[in-house]
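Trainee:
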Amino acid sequence: MSGSSHHEVVHAFRGTQNQVSQHHEGILENIWRFLEDLRVPTEATTSRSEGRIVTLPKDFLDWYVPRSAQSPTWELRSAAEETQLHKHLATLHNLGIPTFLREQQPTSLSKFSATLEVLLEEDCLPQPGSTRNTFWAALQEGLVQFAVAAVAEVAVLLFGPTANSTLIAIYDASGYSLADCHWKMSLRINCIELAVTHETARHARGLIIERLQKAWPKILRETWAKPLLFQVEQRPWESEVLESEKHQRMVWCDVAQGESMLPENCPLVPYALLHVVTQSGGLAQLRHMKMADDLPNEAWAQLGSLWTAAERATDLWHARVPRPTSHATAGRQTDGSQGGPSVAHASTPIAQSPSAVAPVQAQDQHSGWVEYRTSEGRPYYHKQSTGETVWELNEVPNLTVVNDKAPAASSDHQVEGWKVVHKSGGVPHYYYNSVTNESSWELPEGQTLIQ
C-alpha cells in the first residue's frame, strides 16, 4: 500500500460523487479483501497463461490495487470465486463506482460472440428529453434486431441444426465516447450455448460482416438506421464489427481509452436475453425472454463473459456431412470431362473450411436425399442411409421444406406443446411452448410435457 492502510484507501475512495455512505465502507473493504486474495504476485504473472485471468488496462491502477503493484493480475480458481466476483462488480456498479476489470481471452475456446461499435451522426439526434429517449430506444432495438439476425444466420451456417434454436444474450455499452468525441452504439452479442476456437471466431467475423453488408441497403431505409456513421462509408460494418481482443471488459465494467485513459462512463450492462429460432431458408425469428427479468446479476455477468464451461468446441456442420469429391462445375467429373455426377461416401475427407456447408434446406421424403448448400450457395445432395454425396441428382426429386420442429403430438395431454429446455452457460432449465411461443421458469398449472 506504500504507506497507506487499506482502511485509508477505502475511506479515501468514498465520496459524495459516488453516493457511498459510511454504511458501505464495510462492503468496499470486503471487496478489497476478496480481490487482494485473488491477486497474483507480480513475479508469478508471466506463468499464468491458462485459467480465468482478470486484468486492468495497461498502466491503469484502481482503488483496490496496491500502489507498488505493476500490471496487476487476478486469477479465479473456482466457479464460486467467479460468481462472487460478478456479484461484487454488480454491487460496485449499483453504487455508482466505475470498475475497469477485463477478462483475459481463453487460449483455447470461447463463447461464439460478436461485438459491434458504430458512431452516430449527432445532427440526427433529437434534443435531450422524451423525444431523444424514444429515438434512442428505437435505435437500440433496431440495431439489436438487425445484428442478432446476422449472427444467428452465421451460427446456423457454421453449426447447422444445433444452432436452429438458441439463446443469445445482448449487452449494451452505448453512449457518448470521450475518446472518440462522438455518440456511439456498442453491443456485445453472445451465443451462450456455442463454443468456438479462435480460428472459427475469426472466420465467423468475416461471415457476419458479409451478411450485414448484404442486408444494409434495404435496412438503410428504416428511420432508426439513419444516424449510423461508418468509418469507411463504401465498406459499412467492416470496421464496426470488432476483432476479438486478448482482453475483454467484464459485464458491469467501464473502459478507459485515449492517451489520457479517460473513462467512457458507459459500463457494459445487460440489455436482453433472446430466444432465436432460425427457420428453413435462413430467416431468424427473435423473441425477448420475459423471464430474463428474474435472472440475478451474477447470472447476467456469466452469460456476458466470453469464458465458456464447454470442454470442446461445438461441432461444425461441415464435419458431419461429407461433400462431393469433385470441385468442378456441376455435371462434370473431377477430370473435367462431361459425365454423370461424382459420388463420395461418408469416409471421403471433408473440406476443412468452417464455411464448407450450410444447413439442411430441403429433402425428398421418399428417396432420402437431402439438399445442402456450400458457403458459396452451390447445392449438393447427401443420402444418410448410403453415405452417398453428389453434386447433382439424375432425376430432380420433388423437394419439400424440412420442418425443423418435432411433429405435433397426437395424445390429448401433449396438445399444449410444453417441453422442458435444458440450457448450458449458467441458464437454469425452463419450459417452452412451441405452439404459443411462451416461456416460463415453472410449468404452468394443469399443463403436461410433451414426452
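Per our numbering, the very first residue in the sequence shown carries number 1287; after that it's consecutive. Where a beta carbon is used, it is the ideal one built from N, C-alpha and C, also for glycine. Small disclaimer: the values here were computed from a predicted structure and weren't measured.
Looking at the unbroken beta strand (DSSP E) that takes in residue 1400, where does it start and where does it end?
Mentor: Translated into the one-based positions of the sequence shown, residue 1400 becomes position 114. Note, residue 1400: beta strand (DSSP E), 1395 to 1406.
Trainee: When we look at the beta-carbon of residue 1417 and count the other beta-carbons within 10 Å, is it buried (16 or more) or exposed?
Mentor: Numbered from its first residue, the sequence shown carries residue 1417 at position 131. Exposed, since its Cβ has fewer than 16 Cβ neighbours within 10 Å.
Trainee: From this set, 1440, 1460, 1474, which residue's C-alpha is nearest residue 1468's C-alpha?
Mentor: Start at 1 with the first residue of the sequence shown, and residue 1468 comes out as number 182. Residue 1468 has its Cα closest to that of 1460, out of 1440, 1460, 1474.
Trainee: Would you please state the rounded distance, in angstroms, between the beta carbons of residue 1534 and residue 1391? I believe it to be under 8 Å.
Mentor: Stepping through the sequence shown from its first residue, residue 1534 is reached at position 248. Stepping through the sequence shown from its first residue, residue 1391 is reached at position 105. Rounded, the Cβ-Cβ distance is 7 Å, consistent with contact.
Trainee: Could you work out which residue in 1523, 1421, 1477 is closest to residue 1499 when comparing CA atoms only?
Mentor: Within the sequence shown, residue 1499 is the residue found at index 213, counting from 1. The shortest Cα separation from residue 1499 among 1523, 1421, 1477 belongs to 1523.
Trainee: With distances taken from CA atoms, which of 1593, 1385, 1571 is nearest residue 1480?
Mentor: Here residue 1480 corresponds to residue number 194 of the sequence shown, with the count starting at 1. Looking from the CA of residue 1480, the closest CA among 1593, 1385, 1571 belongs to 1593.
Trainee: When you compare only the Cα positions, how much space is there between residue 1602 and residue 1586?
Mentor: Within the sequence shown, the letter at position 316 stands for residue 1602. Within the sequence shown, the letter at position 300 stands for residue 1586. Their backbone Cα atoms lie some 27 Å apart in a straight line.
Trainee: Counting pairs of Cβ atoms below 8 Å between the stretch 1430 to 1447 and the stretch 1557 to 1572, do you hit three or more?
Mentor: yes
Trainee: Look up residue 1327 in the DSSP assignment and say whether it is helix, strand or coil.
Mentor: Locating residue 1327 in the sequence shown gives position 41, where the first residue counts as 1. Three-state DSSP puts residue 1327 in coil, outside helix and strand.
Trainee: Counting only beta-carbon atoms, is residue 1547 nearer than 9 Å to chain C?
Mentor: This model lacks chain C altogether, as it is built from one protein chain only.
Trainee: Can you check the stretch 1423 to 1496 for any beta strand (DSSP E) of at least 3 residues that lies completely inside it and give the ranges in chain order?
Mentor: 1451 to 1458, 1461 to 1463, 1468 to 1483
Trainee: Is residue 1341 closer than 9 Å to residue 1364 when the C-beta atoms are compared?
Mentor: On the sequence shown, residue 1364 is found 78 positions in, with the first residue counted as 1. On the sequence shown, residue 1341 is found 55 positions in, with the first residue counted as 1. No, the pair does not count as a contact, with Cβ atoms beyond the cut-off.
Trainee: In whole angstroms, what separates the C-alpha of residue 1542 from that of residue 1396?
Mentor: Residue 1542 sits at position 256 when you count from the first residue of the sequence shown. Residue 1396 sits at position 110 when you count from the first residue of the sequence shown. If you take the alpha carbons of residue 1542 and residue 1396, they lie about 24 Å apart.
Trainee: Would DSSP call residue 1353 helix, strand or coil?
Mentor: Against the sequence shown, residue 1353 aligns to sequence position 67. If DSSP states are grouped into helix, strand and coil, residue 1353 belongs with coil.
Trainee: Quick one: is residue 1455 buried, meaning 16 or more other Cβ sit within 10 Å of its Cβ, or exposed?
Mentor: The residue labelled residue 1455 in the question sits at position 169 within the sequence shown. Buried, because 16 or more other Cβ atoms sit within 10 Å of the Cβ of residue 1455.
Trainee: On the criterion of 16 or more Cβ atoms from any shown chain inside 10 Å, does residue 1508 qualify as buried, or is it exposed?
Mentor: Stepping through the sequence shown from its first residue, residue 1508 is reached at position 222. It is exposed - the Cβ of residue 1508 has fewer than 16 other Cβ atoms within 10 Å.
Trainee: Rounding to the nearest angstrom, what Cα-Cα distance links residue 1414 and residue 1424 in this structure?
Mentor: Locating residue 1414 in the sequence shown gives position 128, counting from the first residue. Locating residue 1424 in the sequence shown gives position 138, counting from the first residue. Their Cα atoms are separated by approximately 15 Å.
Trainee: Rank 1703, 1389, 1489, 1540 by C-alpha distance to the C-alpha of residue 1462 and give the top, closest one.
Mentor: By 1-based counting over the sequence shown, the position of residue 1462 is 176. It is 1540 whose Cα lies nearest to the Cα of residue 1462.
Trainee: Quick one: what's got a C-beta closer than 6 Å to residue 1328's C-beta in the same chain, skipping five residues either side?
Mentor: Along the sequence shown, read from residue 1 onward, the residue named residue 1328 stands at position 42. Only 1356 meet the Cβ criterion.
Trainee: How long is the line joining the alpha carbons of residue 1383 and residue 1436, rounded to whole angstroms?
Mentor: In the sequence shown, counting from the first residue as 1, residue 1383 sits at position 97. In the sequence shown, counting from the first residue as 1, residue 1436 sits at position 150. Spanning the two alpha carbons is a distance of roughly 35 Å.
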